[in-house]
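Asks: Before anything else, here's the structure in question.
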Amino acid sequence: MSILVTGGAGFIGANFCLDWLAQSNEPVINLDKLTYAGNPETLQSLQGDTRHTLVQGDIGDTALVTQLLAQHQPRAVVNFAAESHVDRSIHGPGEFIQTNIVGTFHLLESVRGYWMGLPADQKAAFRFLHVSTDEVYGSLAKDDPAFTEANHIEPNSPYSASKAASDHLVRAWHHTYGLPVLTTNCSNNYGPYHFPEKLIPLMIVNALAGKNLPVYGDGQQIRDWLYVKDHCSAIRRVLEAGRLGETYNVGGWNEKANLEIVHTVCSLLDELRPRADGKPYKEQITYVTDRPGHDRRYAIDARKLERELGWKPAETFETGIRKTVQWYLDNPDWVAHVQSGAYREWVQKQYASTDHP
């Protein structure tokens, strides 16, 4: 028995692989394109572990995916593979369309071919779990109820539109072809190994480097924050017991304005790593022009997941953010290598003359 994880060197995918193998001996075949956000150094603790196989490749590479499925015969595919940064999607939407829509289509077709050829018992047990985002639901006004799984899909950025399209494809492959799918839509993740282009790691890294802490607009954009290890536990639970064809929202029950997040990070750094001049880190906050189409508020109603599968987050925002800030303080080498591009050089060297398994 094994599982195939796509995008398993990215932030959430790598945390999932690490958590999975900390709790199970079931092998993971990890397919990742190893773009800028896919970092093999995150998986360094699994080096030499026969339960983990890292393969550089694209979910849109039908020949490779078909080969991996035939060779390893996984009982499930967990699809994290996606371009996921809103700002990047605004400046270059093409990659998002290619990976998140076209790539998902090719992956679904490869998986469907494999699934149809399985013996009846394995076919019945097989699962395809697609990891998506709350951003597909659009934006909420301040007093609107949180997103439920019944909300209309109303994406507002090239990123969220591409993810919404991929969600629709997954649903269609279930209803048309019977592919046994599950979809999760999560809120903003944070935690260890987060690439420092996203809000929380960017604030930590910039603060420590004495740089400005850029806050969009008035900083009152509200998000629900989910500790990444809680997200991983939710995915494991949905994979284990979710109802086929269903969507499950995964949230942390932590609605916070961006500016509040930044102030919290600053306060923790004041405590854990005070500035040499004794001044508070919040002095480094600067306000920058808001990005186009910036959604005002997301909020996830995760009661269906709790009601049907008994899942609740283990971390509060207070416990999770403290663990996160401490992790970045304890792992400066990982941050430095990400920023310097050293891990990208490693990838080029590592895979220069390596055939796919």
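Using this note's numbering, the letters of the sequence shown correspond one by one to residues -5 to 351.
Glycine is no exception: its CB is placed at the ideal position from the N, C-alpha and C atoms.
These figures come from a predicted structure and were not determined experimentally.
(1) Report the option in 154, 158, 19 and 206 whose CA atom is closest to the CA atom of residue 275.
(2) With 16 as the cutoff for other CB atoms within 10 Å, does residue 52 come out buried or exposed?
(3) Considering only C-alpha positions, which residue in the set 145, 83 and 327 is nearest to residue 179?
(4) Tell me the DSSP secondary structure of residue 28 in three-state form.
(5) Who are residue 126's beta bridge partners in DSSP?
(6) Out of 30, 27 and 23, point me to the one whose CA is closest to residue 65's CA.
(7) Taking the C-alpha atoms as reference points, what is the distance between residue 68 and residue 135?
(8) Output needed for residue 70: all residues of its chain with C-beta closer than 8 Å, excluding positions within five of it in sequence on either side, in chain order.
(9) So, with DSSP's three-state summary, where would you put residue 33?
(10) What do you get for residue 9, buried or exposed, if any count of 16 or more other CB atoms within 10 angstroms of its CB means buried?
(11) Looking at the strands, I want to know which residues DSSP matches up with residue 302.
(12) Please report the straight-line C-alpha distance between residue 86 and residue 152, rounded to a whole angstrom.
(13) Measuring alpha carbon to alpha carbon, tell me which residue in 199, 82, 143 and 115 is nearest residue 156.
(14) Grouping DSSP H, G and I as helix and E and B as strand, with all else coil, what is residue 187?
(15) Rounded to whole angstroms, what is the Cα-Cα separation between residue 300 and residue -5?
(16) Looking only at its own chain, which residues have a Cβ that is under 6 Å from the Cβ of residue 90, when we skip the five neighbours before and after it?
(17) Since residue 79 is in the alpha helix (DSSP H), which residue starts that stretch and which ends it?
(18) Check each candidate in 93, 80 and 215 and name the one with the smallest Cα separation from residue 292.
(19) Between the stretch 216 to 229 and the stretch 238 to 256, do at least 3 Cβ pairs fall closer than 8 Å?
(20) What ranges does the beta strand (DSSP E) occupy inside the stretch 95 to 157, keeping only unbroken runs of at least 3 residues that lie completely in it?
(21) Rounded to a whole number of angstroms, what is the C-alpha to C-alpha distance between residue 196 and residue 46?
(22) According to DSSP, is residue 85 part of a helix, a strand, or is it coil?
(23) Leaving aside the five residues before and after residue 289 along the sequence, list all residues of the same chain whose C-beta is less than 6 Å from its C-beta, in chain order.
(24) Could you check what DSSP says for residue 250 in three-state terms: helix, strand or coil?
(25) When you compare the stretch 97 to 110 with the stretch 4 to 19, are there three or more beta-carbon pairs, one atom per stretch, that lie closer than 8 Å?
(26) Need the endpoints of the beta strand (DSSP E) that residue 313 sits in, please.
(27) Please look up how many angstroms separate the CB atoms of residue 181 and residue 294, rounded, as I've assumed it's under 8 Å.
(28) Taking DSSP as the reference, what is the three-state secondary structure of residue 215?
(29) On the CB-based measure, 16 or more other CB atoms within 10 Å of its CB, does residue 266 come out buried or exposed?
(30) Got a sec: is the Cβ-Cβ distance from residue 162 to anything in chain C below 8 Å?
Replies: In terms of the structure at hand:
(1) Position 281 of the sequence shown, counted from the start, is the residue given in the question as residue 275. Of 154, 158, 19 and 206, the residue nearest in Cα terms is 206.
(2) Sequence index remark: in the sequence shown, residue 52 carries index 58 (1-based). Buried, since its Cβ has 16 or more Cβ neighbours within 10 Å.
(3) By 1-based counting over the sequence shown, the position of residue 179 is 185. Of the listed residues, the one whose Cα sits closest to residue 179 is 145.
(4) The residue given as residue 28 occupies position 34 in the sequence shown. Three-state result, residue 28: coil.
(5) By one-based count along the sequence shown, residue 126 stands at place 132. Bridge partners of residue 126: 179.
(6) Sequence index remark: in the sequence shown, residue 65 carries index 71 (1-based). The shortest C-alpha separation from residue 65 is found at 23.
(7) On the sequence shown, position 74 is the one that residue 68 refers to. On the sequence shown, position 141 is the one that residue 135 refers to. Rounded to the nearest angstrom, the two C-alpha atoms are 43 Å apart.
(8) Here the question's residue 70 lines up with position 76 in the sequence shown. Excluding residues within five positions, the ones whose Cβ falls inside 8 Å are -3, -2, 120, 121, 122, 123 and 233.
(9) Residue numbering aside, residue 33 sits at position 39 when the sequence shown is read from its first letter. Residue state, collapsed to three classes: coil.
(10) Position 15 of the sequence shown, counted from the start, is the residue given in the question as residue 9. Buried: at least 16 other Cβ atoms inside 10 Å.
(11) For the purposes of this step, residue 302 is taken as residue 308 along the sequence shown, with counting starting at 1. DSSP, once it has assigned bridges, lists no residue as partnering residue 302.
(12) Residue numbering aside, residue 86 sits at position 92 when the sequence shown is read from its first letter. Residue numbering aside, residue 152 sits at position 158 when the sequence shown is read from its first letter. C-alpha separation (whole angstroms): 9 Å.
(13) For this step, residue 156 is matched to residue 162 along the sequence shown. If we check each option's Cα against that of residue 156, 82 comes out closest.
(14) Your numbering for residue 187 matches position 193 in the sequence shown. Residue 187 falls in the coil class under three-state DSSP.
(15) Numbered from 1 along the sequence shown, position 306 holds the residue referred to as residue 300. Numbered from 1 along the sequence shown, position 1 holds the residue referred to as residue -5. Whole-angstrom Cα-Cα distance: 28 Å.
(16) Taking the first residue of the sequence shown as position 1, residue 90 is located at position 96. Counting only Cβ-Cβ distances below 6 Å, and skipping sequence neighbours, we find 77, 83, 152, 153 and 156.
(17) For the purposes of this step, residue 79 is taken as the residue at position 85 of the sequence shown. No alpha helix (DSSP H) contains residue 79, which DSSP labels as neither H nor E.
(18) Position 298 of the sequence shown holds residue 292. Nearest option by C-alpha distance: 215.
(19) yes
(20) 121 to 127
(21) Sequence index remark: in the sequence shown, residue 196 carries index 202 (1-based). Sequence index remark: in the sequence shown, residue 46 carries index 52 (1-based). Each residue's Cα considered, the two are about 30 Å apart.
(22) Taking the sequence shown and counting its residues from 1, one reaches residue 85 at position 91. Residue 85: helix per DSSP, three-state reduction.
(23) On the sequence shown, residue 289 is found 295 positions in, with the first residue counted as 1. Correct list, in chain order: 133 and 150.
(24) On the sequence shown, residue 250 is found 256 positions in, with the first residue counted as 1. If DSSP states are grouped into helix, strand and coil, residue 250 belongs with the strands.
(25) no
(26) Locating residue 313 in the sequence shown gives position 319, counting from the first residue. Note, residue 313: premise wrong, no beta strand (DSSP E); alpha helix (DSSP H) at 311 to 324.
(27) As a first step, residue 181 is located in the sequence shown; it is residue number 187 there, counting from the start. As a first step, residue 294 is located in the sequence shown; it is residue number 300 there, counting from the start. Rounded, the Cβ-Cβ distance is 4 Å, consistent with contact.
(28) Here residue 215 corresponds to residue number 221 of the sequence shown, with the count starting at 1. It is coil, neither helix nor strand.
(29) Position 272 of the sequence shown, counted from the start, is the residue given in the question as residue 266. It counts as exposed.
(30) Of the chains in the structure shown, none is chain C; there is only one protein chain.
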